[in-house]
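Throughout, this note's numbering is defined as the position within the sequence shown, counted from one, plus 117. Think of the CB as a built atom: it goes at the ideal place given N, C-alpha and C, for glycine as much as any other residue. Have a look at the structure below before the remarks.
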Amino acid sequence: MKTLSCILLSLFLAVPHLHARDSEASWTMNKATVPLSQTSFSTTLQDQTSPSVENKVFRWSFGVEYIPFYSGDIYDAIRNNYFWEDIISTRLSTRNITMMKGQFSFRFHPKVSFTFDIAYLLQSSKDRREIHVNYDDPGTPDYDTGKQENRHLKILDFTLGVKYYFKKLRQEKVSPYLIFGAGKQIAFAKEGLETLFLTEPPPTTWKDNLGEFLKDLNSPYHINWGFGVEYAFNTSLTLFSTMEFLYLNRKANYEYSESTDNYTTSELRKLKISELNTRFGIGLNFYF
């Protein structure tokens, strides 16, 4: 009986010490796990707010660029009433063009993106000239003449390129980049010439391919290169500015033929033009 009492007394005295050790171990475990939870939350928050490419936030983008200065040209031509080299005159109808451009891009590397650009230009004109001759002599009949010429030119510009960033895009940071690309303008031209006040068939008939000539002349291949900077406001929106240089190679053939009762005249003119143009633009990129 005495031995049993000693055993119970020993167990009673040991319980507080075990409880204290369990509490200390539990407190130590909680103390150790709190910083780990905070670190995990901080890392998750950083991953959600960081605009880095590794988080696949900047994988695709669509941009709109306003180009207030473009030194490129749109070519037109004027029909003349002379033979051979003077029968048509090539001229610049537009210089220092203002244009808008859209850009799609896919980033396959933190510093490299593939780009696809598209731009649109439109030019339309209508030129009507009338001549009215009235003679004082009643025996001389009056006559009227004139012509009306219509031109419609639409140009689509496509470019495939690569954009290389010197720094990864980071929120509230500026990233400079280089661009390289190649593309082509595709022109759609319509033109028509109408003789006014015509009462009988003219003694001379003629035809040419002016519409096709303008289409080919305004559809050059080009290569481009340049540089720019991009600033990220957040993970979805950036502001960029670009200076771009374009080398274009134009070529077109003009064919003309004229016939009367006595003779037939034909002309072939081959034209080649090389240019170096400059674009300056500013725009916004939307990432998704």
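Can you look up Ser391 in the DSSP assignment and give me helix, strand or coil?
Note: Ser391 maps to strand in three-state DSSP.
Taking the C-alpha atoms as reference points, what is the distance between Pro185 and Thr322?
Cα to Cα, Pro185 sits roughly 45 Å from Thr322.
By DSSP's criteria, Arg367 is part of a beta bridge. Which residues make up the other side?
Per DSSP, Ile390.
Within this structure, are the beta carbons of Ile399 and Ser353 separated by less than 7 Å?
Cβ distance not < 7 Å, so Ile399 and Ser353 don't count as in contact.
Taking only the alpha-carbon atoms, compute the straight-line gap between Tyr404 and Phe231 and give it to the nearest angstrom.
Rounded to the nearest angstrom, the two C-alpha atoms are 14 Å apart.
Indicate the three-state DSSP secondary structure (helix, strand or coil) for Gly343 in the structure shown.
Gly343: strand per DSSP, three-state reduction.
Go to Phe330, then tell me how far its alpha helix (DSSP H) extends in each direction, as first and last residue.
Unbroken alpha helix (DSSP H) run through Phe330: Leu327 to Leu334.
Would you call the stretch 243-252 and the stretch 294-308 in contact, with 3 or more CB pairs under 8 Å?
No: fewer than three Cβ pairs fall under 8 Å.
Helix, strand or coil for Asp378, going by three-state DSSP, please let me know.
Coil, per DSSP.
Using only CA atoms, which one of Thr382, Glu182 and Leu388 lies nearest to Ile235?
Checked all of Thr382, Glu182 and Leu388; the closest Cα to Ile235 is Glu182.
In the DSSP assignment, the beta strand (DSSP E) including Phe405 goes from what residue to what residue?
No beta strand (DSSP E) contains Phe405, which DSSP labels as neither H nor E.
I need the straight-line Cα distance from Glu372 to Gly189, nearest angstrom please.
Answer to the nearest angstrom: the Cα atoms are 26 Å apart.
What does DSSP give as the partner residues of Pro293 in its beta bridges?
Looking at the DSSP assignment, Pro293 forms a beta bridge with Val346.
Any idea which residues DSSP pairs Tyr338 with across the strands?
Bridge partners of Tyr338: Lys301 and Asn366.
Would you mind stating whether Ala369 and Leu388 have Cβ atoms separated by less than 7 Å?
In contact: Ala369 and Leu388 (Cβ atoms closer than 7 Å).
Could you check the C-alpha separation between Thr381 and Pro255 for me, to the nearest Å?
Between Thr381 and Pro255, the C-alpha separation is close to 38 Å.
Kindly indicate which residue of Gly278, Ile340 and His226 has the alpha-carbon position closest to the one of Asn394.
Among Gly278, Ile340 and His226, the Cα nearest to that of Asn394 is on Ile340.
Return helix, strand or coil for Phe314, following the three-state DSSP convention.
Coil, per DSSP.
What does the Cβ neighbour count give for Asn379, buried or exposed, with the cut at 16 atoms within 10 Å?
Asn379 should be labelled exposed.
Can you check which of these residues, Asp274, Val250 and Leu270, is closest to Ala233 by C-alpha distance?
Note on residue identity: the sequence assigns Phe, not Ala, to residue 233. Nearest C-alpha to Phe233: Asp274.
Please look up how many angstroms separate the CB atoms of Glu347 and Ser292, rounded, as I've assumed it's under 8 Å.
Right, the Cβ-Cβ distance comes to about 5 Å (below 8 Å), so this counts as a contact.
Pull up the CB-CB distance for Gly278 and Phe297, whole angstroms please, since I reckon it's below 8 Å.
Confirmed, about 6 Å.
Among Ala194, Phe179, Pro319 and Gly180, which one has its Cα closest to the Cα of Phe330?
Looking at the Cα atoms, Ala194 is the closest of the given residues.
Looking at Leu295 and Lys264, is the spacing between their C-beta atoms short of 7 Å?
Against a cut-off of 7 Å, the Cβ pair of Leu295 and Lys264 comes out as no contact.
By Cβ distance below 6 Å, which residues in the same chain neighbour Leu334 in space, the five residues on each side in sequence not counted?
Taken in chain order, the residues that qualify are Tyr192, Arg367 and Ala369.
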